[in-house]
Amino acid sequence: MSQKAGSTEIPEKRDYFILAILSLIWGSSFILIKLGLEYFTPMQVGALRIFIAALAFIPITVVKRKQIDWSLWPFFLIVGLTGSGLPSFFFPLAQEELSSSIAGILNSLTPLFTLLIGAWIFRTSISYSKIFGVIIGLVGAVLLILLGDDLAINEKLYYGFYIVLATICYGTSVNVAKAKMNHVDPTLLMSTAFLFVLPLSIVALIWSGTHTTVIETPGVGTGIFFVGILSLLSTFYASILFYKMVQRTNPVFGSSVTYLIPIVGLFWGVLDGESFGIFHVFGMALIMVGVYFSRK
Numbered sequence: 607m608s609q610k611a612g613s614t615e616i617p618e619k620r621d622y623f624i625l626a627i628l629s630l631i632w633g634s635s636f637i638l639i640k641l642g643l644e645y646f647t648p649m650q651v652g653a654l655r656i657f658i659a660a661l662a663f664i665p666i667t668v669v670k671r672k673q674i675d676w677s678l679w680p681f682f683l684i685v686g687l688t689g690s691g692l693p694s695f696f697f698p699l700a701q702e703e704l705s706s707s708i709a710g711i712l713n714s715l716t717p718l719f720t721l722l723i724g725a726w727i728f729r730t731s732i733s734y735s736k737i738f739g740v741i742i743g744l745v746g747a748v749l750l751i752l753l754g755d756d757l758a759i760n761e762k763l764y765y766g767f768y769i770v771l772a773t774i775c776y777g778t779s780v781n782v783a784k785a786k787m788n789h790v791d792p793t794l795l796m797s798t799a800f801l802f803v804l805p806l807s808i809v810a811l812i813w814s815g816t817h818t819t820v821i822e823t824p825g826v827g828t829g830i831f832f833v834g835i836l837s838l839l840s841t842f843y844a845s846i847l848f849y850k851m852v853q854r855t856n857p858v859f860g861s862s863v864t865y866l867i868p869i870v871g872l873f874w875g876v877l878d879g880e881s882f883g884i885f886h887v888f889g890m891a892l893i894m895v896g897v898y899f900s901r902k
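So the sequence shown is residues 607 to 902, counted in the numbering used here.
Structure below.
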């Protein structure tokens with residue numbers, strides 16, 4: 607078990623190892639979303655991602671059904687919607703116009719919103735250095751949204767806002783899971799949470815005409831493969847690893863996986879021929895400085 611310092615558990619070497627594994631998996635998710643968008647609409651990518659992951663979780667839910675505390679249903683619902691449900695739609699919507707590199711960089715706002723939500727809702731302490739870090743990080747994000755890609759200013763602001771919403775969702779999910787469900791087995795937590803968002807994915811699949819796309823789109827099997835990998839690795843497997851780590855440590859440490867995600871995202875983006883300029887570097891640097899001060 608992790609050692610404790612007061613009410614905060616100190617991460618062990620294995621937690622840092624898991625952090626590295628998660629950064630590789632989630633850092634690769636942006637390029638998988640981009641590849642999936644070559645065959646499906648953003649709504650379809652999000653719906654398929656949730657649906658496939660939910661199906662993978664069903665056997666766990668069935669086996670452990672007697673262990674589920676249904677009195678916690680509001681928290682299962684919140685974790686399901688904010689941890690995976692809504693972000694699964696926000697990222698494809700953003701990546702219609704933003705590169706996977708920029709998506710990965712903006713995703714590093716997650717620790718800042720984790721800190722803010724923890725202080726606002728769960729009354730965790732927040733210092734002046736943390737407030738400074740939040741401001742600097744937000745400035746970096748705004749810089750990226752406005753100047754970091756080859757889009758008109760109003761379009762950048764619009765599409766970048768989807769990722770900001772996703773990071774707010776992540777900050778909410780990790781705080782709720784730690785504060786209200788820390789005693790729940792992480793595998794059971796995620797399988798039950800996905801049970802609550804499964805109907806959302808089914809409605810979205812039908813409403814977006816996914817079945818028609820599957821029938822009529824040439825080579826669609828390749829798109830299903832990319833979204834399937836995204837679902838099973840980035841959503842199913844990584845979610846279990848992540849919440850196990852959060853239970854042993856703390857929400858801010860868990861969300862710090864987003865420090866490394868941009869590096870992996872940039873690597874895939876450059877390999878895929880995406881542009882990368884000075885504003886990308888400057889914006890990412892400001893976000894990282896902000897995250898550093900937010901942890902002090």
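Ideal Cβ positions, reconstructed from N, Cα and C, are used throughout, including at glycine.
For the 7 Å CB-CB criterion, V833 and V651 form a contact. Look at N856 here: in three-state DSSP terms it is coil, with no helix or strand label.
Between the stretch 709–722 and the stretch 816–831, the count of C-beta pairs closer than 8 Å stays below three; the two stretches do not touch. Between the alpha carbons of L806 and W679 lies a distance of about 16 Å. Annotated three-state conformation of F695 is helix, per DSSP. Within the same chain, and ignoring the five residues on either side of M649 in sequence, the residues whose Cβ sits closer than 7 Å to its Cβ are F695, A810, S814. By the neighbour-count criterion, in which 16 or more other beta carbons inside 10 Å mark a residue as buried, G829 falls on the buried side. Put simply, the stretch 652–660 does not touch the stretch 703–713. Fewer than three CB pairs are less than 8 Å apart.
For F842, the closest alpha carbon among the candidates L628, F859, T773 is that of L628. Residue environment analysis places G875 among the buried positions, since at least 16 neighbouring C-beta atoms fall within 10 angstroms of its C-beta.
For the stretch 802–846, the full-length alpha helix (DSSP H) segments reaching 4 residues or more read 816–822, 826–835 along the chain.
Here G896 is not near G642, since their CB atoms are 7 Å or more apart. In the displayed model, K619 falls within a helix according to three-state DSSP. Burial is judged here by how many other beta carbons sit within 10 angstroms of a residue's own beta carbon; H789 has fewer than 16 and is exposed. Here DSSP, grouped into helix, strand and coil, assigns N788 to coil. Secondary structure note for L866: it is in no alpha helix (DSSP H), with a DSSP letter that is neither H nor E. Note that the stretch 620–638 does not touch the stretch 663–672; fewer than 3 beta-carbon pairs, one per stretch, sit closer than 8 Å.
S837 and I658 have their C-alpha atoms some 6 Å from each other.
Residue environment analysis places V668 among the exposed positions, since fewer than 16 neighbouring C-beta atoms fall within 10 angstroms of its C-beta.
Selection G889, V820, S635, F800 evaluated against A660 yields F800 as nearest (Cα-Cα). In the DSSP assignment, W679 falls within the unbroken alpha helix (DSSP H) covering 679–686.
K736 sits buried, since 16 or more C-beta atoms from the chains shown fall within 10 Å of its C-beta. Nearest C-alpha to F663 among M890, F885, N856, M796: M796. The C-beta separation of I723 from G777 comes to about 5 Å, placing the pair in contact by the 8 Å criterion. The beta carbon of D878 lies closer than 8 Å to those of I637, K640, S706 in the same chain, with the five residues before and after it left out. DSSP places I637 inside the alpha helix (DSSP H), whose first and last residues are 635–642.
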